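Going by full-length UniProt numbering, the sequence shown opens with residue 1, and the numbers climb by one from there. Quick reminder that beta carbons are idealized off the backbone N, C-alpha and C, glycines included. Model, not experiment: these values are computed from the prediction. See below for the structure under consideration.
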Amino acid sequence: MGKACAANEVVWLRSEYAGLEVAFLTGICGAVPKPGTENEILLGDVVIGKSIVQYDLGRQYPSSFSQKGDVDDSLSRLSKDVRTFLATYETHHGRDDLQQRITKILAQIQQVAIAKDRHCYNRPAAQDDILYEPNYLHKHRDQSDCVCHGWAACDGAIKASCKQLKCDVRHQVSRKRLESKGPELRIHIGRIGSGDTVMKSGKHRDRVAAEHGIIAFEMEGAGVWEEIPCIIVKGVCDYADSHKNKSWQDFAAAMAASATKALLERYVSRTSKKGYMSLVDSPSHTFTLASVLFNVAGVNHFVGRGNELRRLHKELEWTGKRRTAVLHGLGGMGKTQLSIEYTKRHESDYSAILWMNARDETSLKHSFKQVAERIIREHQSVAYVQNAMAKQEPNETAEAVKRWLNEARNNRWLIVYDNYDDVKLWPVSEESLSHSDMIAQLEAVDSKAYDIRPYFPETDHGAILVTTRSSTAELGQLIQLSKLGDVNDSLEILQSTSNRANLAQDPDATALARRLDGLPLALSTAGAYLKQVSRTCGEYLRLALYSTWKISLEHIQQQSLSASMLLGQWAYFDNDDLWYELLREGRSEGPAWLVEITEDELSFDLAMRLLCEHGLVEANPPAKETGRESRGYSVHHLGNLYKDQGRLKEAEAMYERALQGYEKAWGPEHTSTLDTVNNLGILYTNQGRLKEAEAMYKRALQGKEKAWGPEHTSTLDTVNSLGVLYKGQGRLKEAEAMYERALQGYEKAWGPEHTSTLDTVNNLGLLYSDQGQLKEAKAMYERALQGYEKALGPDHTSTLDTVNNLGLLYSDQGRLKEAEAMHERALQGYEKALGPDHTSTLDTVNNLGILYSDQGRLKEAEAMYDRALQGYEKALGPEHTSTLDTVNNLGILYSDQGRLEEAEAMYERALQGREKALGPDHTSTLSTVGNLGNLYKNQGRLEEAEAMYERALQGYKRAWGPEHTLTLRTVNNLGILYSDQGRLEEAEAMYERALQGREKALGPDHTSTLDTVNNLGLLYKHQGRLKEAEAMYDRALQGYEKALGSHAMKTCVPALNTLENLGSLSKQLGDTEAAVTYYQRAQSGLLSVFGSHNERYRNVSGKIYSLQSSSQETDVSLSEEETDEYYSAEEPQDGG
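This is how it looks when you write it as structure tokens:
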């Protein structure tokens, strides 16, 4: 266009629009690249001019050209308001905020263009951003008839591309920013050069830029500036050199337009500001707002927390600069109440206290709307807030409120962002967030997790308090809120909430306070219950074994069965709000309790009032966002009754009812519907109904990919759940692919230490363990455990899951002492957190049974199995896969104890159940097949045993491959069978194959490796190779002692077998003294394990007597027969 044409356009604009005070000049420009510096500029960056140089304005002398200098020499400078406005974006905070907003606007432009099948505004590839050395000219170099020479280039060369001219890549200049994956947007503010000629020379560009401090060149700014002060906003499309590159022009133009819109959103006109500031200066108009708490209520009598209140005051005390504190702690710790108390005590310290419900973005935007209404009500002159409210657009309303808070003289406010629990802090540093990453995240909509920082005012003043359950919300000074340490504070809460006096003198009240462990919510719930009934604290204390919420539920049931049923239903709406109209939709086909509760709004409100009185539900204001007019209610997390008890049959009915309600209210593809579909998949998985689970997961995955995209975190939740399912089906390659996809997505979206990332890390550990990759499994578990302990604490159930899994791994590695410590830690934690009958508790009980069995502690093992079996049958039913796992393990135990008929009954029950639930080729089914093979062999039914082993071996090969540990276990057992059949060469081949595989997979000192070593010794003995047999036995014995320790080895059945075999071999070699020693060691262990009436014990005792009497004894050697134990599967992660 040129500066003359631009000046003419501005003259016309001024004639049409009176009062025009500033112009925004938008377009494209050539940049001064500054490679290798901190201010390096790339194509696609945005340049904003705060001053201008007309570099071709000056005097031509005979010897040289002299520029006149800065336009400020002849024209007025930018107004103070505009200079101040631009100065905001020269700060890191202001620039980061502006960059984020530009990226969002650009994404909208790109989406609109793509919808019209235009992709011109997409960012070109990084390899298309090419910079040549300043002195390297764009010209022909291989045409002798061309006029290109020296600093001259022909017309053909000027019009040709670098590719056509074959510009030498050796003269390209590397840039630091291009080395990162997906260079991010940057804003550069500085002086711009403007002239009537296009700058197309790298040499002249750098010389002029150095003389005047120029960062970019363009052609219109000086013309506009002559008529009116302007803010120049340009997108960088080239480097103002001779090398032609038009591929960046459209993208650069879109960037400039996005930046201009972002600046316009933030610009306050001088006229409106003058009127406003005159009001601010008036004593009768200030920035104060009356203190109001929306949707929260403080307790009548606040107790304790003196240290925390003092810490809050220290972190939030006014200094003129921004102060931010993050109050974090587990649910029920009293974060909201502490914040309310702080605002009450320090109300006079702040000009305005704003309370924001940050539970999700919809709630937060509604809070901004409420604040805007207060501003308008108390300060009617704030026109931009009124304008935003008139548009009824939540985002604009939020921006208007932030703008009010950004005002320079409005600097003593406090904002409380309450319940920011679903944390998603996108990286904002240029190193960690690429342009494409930002676009992908912006397209992820409708997720509860969000980044709260865009809702913070941009200015560097005021105070912010955030309450959250997450310790990862590192937005300011972190203050952890823990349990009440003083029992007297706990008694005060009980006393105030129960309206009972003198509780400090009641020993039962003190015991109750201690039992509730300083948890304010649990204390308040107990107090609310005691207020409703005439029970003493002692009676309540006896009932407290069932947990406070269960007592409240029982009391609710006594008053209204329908209300208690609704509370159970609520757990399966993923803690979302419920309201009258939503439940009314399902009334016609609903159960009797639903019909009763939705008879009319009065019936509904009566039920809600009862739940609110017990502290399990909170009332919310009417919300237009959901299209309802009645009051909504939020369930507290203590309301998740059935789901957290492992009562899966009731859970299934509740989920199906929730699904029907969502499908009717929202439709089959709504995200809330899909969340419930996903949760039904998890439930079916827990019930062992794997085909139905897979159908649910696939439906959820397809819907989420369509609604949110393949990389959205909710989509990844379902991907992770599918991985769990495939692993349970033995489809390990598919499982690994799902886990890898989920892990990569979580790490990108959440970061490596987020709990969702750690869940998948833990699941990968389980998968690697099943694949026999124990080192990789250990690395995964340890990473998950460290992350959980840091994020959730040592007693959280997710932490305990990984502790339990580490116990299983140590057991697989033969590190039984460490395994026992892990399992006992997990069991104590589960019993405390979930109760003794929860399925997670029972899983660990079952695993302890396996461990005790491995250690030869068979009575303790049987007690564990019996407890687990009774619990599973009660919670899950007799045909559930977890129930069948314990049935299988009891079969192993009975076989070890010589109770073969009982063992066969257990195996037959487990086999029938697994074939029905999982199919005949599932690895769990095959484990029982293998165990039946062991049993048949012990009973002398060798042909049936061989058939079982062959079936198991073929199945394992298909499922796991020939080198998996379970495959090798069956190979080992086939070796035992062939040996018993006298097929010694085939037996030796089996043993050697098993030994090589185990040494490779598990190591030479693993107990499973040693089992095969023992069996090879037995084979060599039968072949008369006695020295080789002795070497094998000695290796096995030393290995057991090393792996188990001398004490545990005394009761380990495989080790006892080796001792007895060594005794037999020593006798055969004529070493009676050694034979007696080995037999006596075996005898002591057999007595401890099996008792004095056991046949093996009596047999060994007879051998000792015969040897000591110098009589001959029949040589009986025992082979080590292995059993196949099933371990409980991992707890699946809720994708909802």
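Separation of residue j from residue i, as counted between CA atoms
{"i": "C230", "j": "A222", "result": "9 Å"}
{"i": "L809", "j": "N763", "result": "13 Å"}
{"i": "Y894", "j": "R867", "result": "16 Å"}
{"i": "H1093", "j": "G1102", "result": "13 Å"}
{"i": "residue 1146", "j": "D854", "result": "No information on residue 1146 is available, as it lies outside the stretch 1 to 1136 that the chain covers here."}
{"i": "P794", "j": "Q744", "result": "26 Å"}
{"i": "N679", "j": "T844", "result": "24 Å"}
{"i": "S1084", "j": "K1050", "result": "8 Å"}
{"i": "I109", "j": "A254", "result": "8 Å"}
{"i": "R733", "j": "N395", "result": "According to the sequence shown, residue 733 is Lys rather than Arg. Computed Cα separation, rounded: 45 Å."}
{"i": "N8", "j": "Y55", "result": "20 Å"}
{"i": "E946", "j": "G891", "result": "19 Å"}
{"i": "L966", "j": "A707", "result": "42 Å"}
{"i": "H461", "j": "Y384", "result": "21 Å"}
{"i": "V326", "j": "W355", "result": "15 Å"}
{"i": "N804", "j": "L766", "result": "11 Å"}
{"i": "S1106", "j": "A735", "result": "58 Å"}
{"i": "N488", "j": "R305", "result": "12 Å"}
{"i": "L816", "j": "K698", "result": "40 Å"}
{"i": "E629", "j": "T676", "result": "For E629, the pLDDT reaches just 46, beneath the cut-off of 50, and the residue's location in the model is therefore unreliable, although a value from the coordinates is still provided. So the alpha carbons of these two residues sit roughly 25 Å apart."}
{"i": "R500", "j": "I556", "result": "21 Å"}
{"i": "L1059", "j": "A1029", "result": "13 Å"}
Outcome for residue i when other beta-carbon atoms lying within 10 angstroms are tallied against a minimum of 16
{"i": "A917", "result": "buried"}
{"i": "H838", "result": "buried"}
{"i": "S278", "result": "Because the pLDDT at S278 is just 38, under 50, the model does not fix this residue reliably, and the value given afterwards should be weighed accordingly. Under this definition S278 is an exposed residue."}
{"i": "L264", "result": "exposed"}
{"i": "L638", "result": "Confidence at L638 is low in this model, with a pLDDT of 34, below 50, so its placement is unreliable and the value that follows should be read with caution. Result: buried."}
{"i": "W12", "result": "exposed"}
{"i": "K246", "result": "exposed"}
{"i": "P520", "result": "buried"}
{"i": "Q127", "result": "exposed"}
{"i": "A390", "result": "exposed"}
Backbone secondary structure at residue i - three-state DSSP
{"i": "D403", "result": "Residue 403 is actually Arg in this sequence, not Asp. If DSSP states are grouped into helix, strand and coil, R403 belongs with the helices."}
{"i": "H366", "result": "helix"}
{"i": "E9", "result": "helix"}
{"i": "T708", "result": "First, the amino acid is wrong: residue 708 is Trp here, not Thr. Reduced to three states, the DSSP call for W708 is coil."}
{"i": "L1026", "result": "helix"}
{"i": "M356", "result": "strand"}
{"i": "E184", "result": "coil"}
{"i": "L792", "result": "coil"}
{"i": "C237", "result": "strand"}
{"i": "W750", "result": "coil"}
{"i": "R323", "result": "strand"}
{"i": "H838", "result": "coil"}
{"i": "E38", "result": "coil"}
{"i": "W413", "result": "strand"}
{"i": "residue 1194", "result": "Absent from the model: residue 1194. The displayed extent of the chain is 1 to 1136, so no value can be given."}
{"i": "L20", "result": "coil"}
{"i": "V198", "result": "coil"}
{"i": "Y572", "result": "Unreliable placement is indicated for Y572, whose pLDDT of 47 sits below 50; no coordinate value is reported for it."}
Nearest-angstrom Cβ-Cβ length linking residue i and residue j, presumed shorter than 8 Å
{"i": "R175", "j": "L42", "result": "7 Å"}
{"i": "E220", "j": "G27", "result": "7 Å"}
{"i": "A210", "j": "V233", "result": "With a Cβ gap of about 24 Å, A210 and V233 do not count as contacting."}
{"i": "S348", "j": "L465", "result": "In fact, because the Cβ distance is near 17 Å, the residues do not count as touching under 8 Å."}
{"i": "T1009", "j": "G1003", "result": "7 Å"}
Touch check for the region 450 to 458 and the region 711 to 724: three-plus C-beta pairs under 8 Å?
no
Taking three-plus beta-carbon pairs below 8 Å as touching, is the region 866 to 886 in contact with the region 905 to 924?
yes
Check whether the region 869 to 881 and the region 819 to 831 touch, using three or more Cβ-Cβ pairs below 8 Å as the test.
As far as the Cβ criterion goes, the region 869 to 881 does not touch the region 819 to 831, which means the pair count is below three.
Does the region 102 to 116 touch the region 477 to 487, meaning 3 or more C-beta pairs lie closer than 8 Å?
The region 477 to 487 is not in contact with the region 102 to 116.
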